[in-house]
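A.B. asks:
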């Protein structure tokens, strides 16, 4: 009996599927089995470093675009602070959510764009050109950490991870307590030696968290996790970049303040 031919032009032009519809004349290495076809269509696409780069670039584009629109629109400070709160809530949800949600990650980027656009405009009104300096400084620090990681000089060993994680958490807790008690520790009151030293510590610890992000990305690629997980890595990198940028911006304001 003659084998049934497909009228679908897609199948007709696909050599592999075309061969699979020919009469069986024995085993052919080019003919996919049912298991092969199931694996072909059921196995999710695996994450690559290119996926991480593309997703991170997209999130940064959203932040920059929304931030520029916020700056131009000159939104009230109240709306900017609301966006900061929304961004914080979305960050917590994305961090503790087991399954990554792309819409929530995109919403986080948009909220941070409003916040950063408003805060940047405020700083730039007081210190002309400080935003450009902060952007360049953030990019240079990020590039230096990436270079250190790629060269093998910075590695996310268990000891390194523990020191950076607990060090950063400790400094953030101190900063929050200081804010609640009206700068009781004197670490955010201007260009004092203590405030500059404390902000420098936040920048250093914040920058070193990228080493753990890079290591996680490499491990996830090696493990063959689904492509969707690249959004999780991109989200983590964006959180780190926002934190780093804000502290670089604050440090520059301290240094320029008379």
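Numbering (our numbering), first residue to last: 5 to 262.
Even for Gly, the Cβ is constructed at its ideal location relative to N, Cα and C.
When DSSP labels each residue in this structure, what does residue 282 get in the three-state scheme?
C.D. replies: It is not possible to answer for residue 282, since the shown part of the chain is limited to 5 through 262.
A.B. asks: Three Cβ pairs or more, each shorter than 8 angstroms: is that satisfied between the region 175-191 and the region 100-113?
C.D. replies: With a cut-off of 8 angstroms, the region 100-113 and the region 175-191 do not count as touching, because too few Cβ pairs lie within range.
A.B. asks: Can we count residue 90 as close to the ligand COA, meaning its CB is less than 7 angstroms from some heavy atom?
C.D. replies: Among the components modelled here there is no ligand, and therefore nothing to report on the ligand COA.
A.B. asks: Over what stretch of residues does the alpha helix (DSSP H) that includes residue 219 continue unbroken?
C.D. replies: Run containing residue 219: 197-227, per the alpha helix (DSSP H) assignment.
A.B. asks: Taking the alpha-carbon positions, what's the residue 273 to residue 120 distance?
C.D. replies: It is not possible to answer for residue 273, since the shown part of the chain is limited to 5 through 262.
A.B. asks: Please list, in chain order, all residues of the same chain as residue 191 whose beta carbon is under 6 angstroms from its beta carbon, the five residues on each side excluded.
C.D. replies: Within the same chain, residue 191 has close Cβ partners 182, 198, 199 and 202.
A.B. asks: In terms of residue numbering, what span does the alpha helix (DSSP H) encompassing residue 60 cover?
C.D. replies: 53-77 is the span of the alpha helix (DSSP H), which, as asked, contains residue 60.
A.B. asks: Which term fits residue 264, buried or exposed, when burial requires 16 or more other beta carbons within 10 angstroms of its beta carbon?
C.D. replies: Nothing can be reported for residue 264: it is not among the residues displayed for the chain, which extend from 5 to 262.
A.B. asks: In three-state terms, what does DSSP make of residue 230?
C.D. replies: Strand, per DSSP.
A.B. asks: Got a sec, what are the start and stop residues for the alpha helix (DSSP H) residue 156 sits in?
C.D. replies: Premise fails: residue 156 is in no alpha helix (DSSP H) and is neither H nor E.
A.B. asks: CB-CB under 8 angstroms to residue 168, same chain, minus the five flanking residues each way: which ones, in chain order?
C.D. replies: Within the same chain, residue 168 has close Cβ partners 209, 212, 213, 215 and 216.
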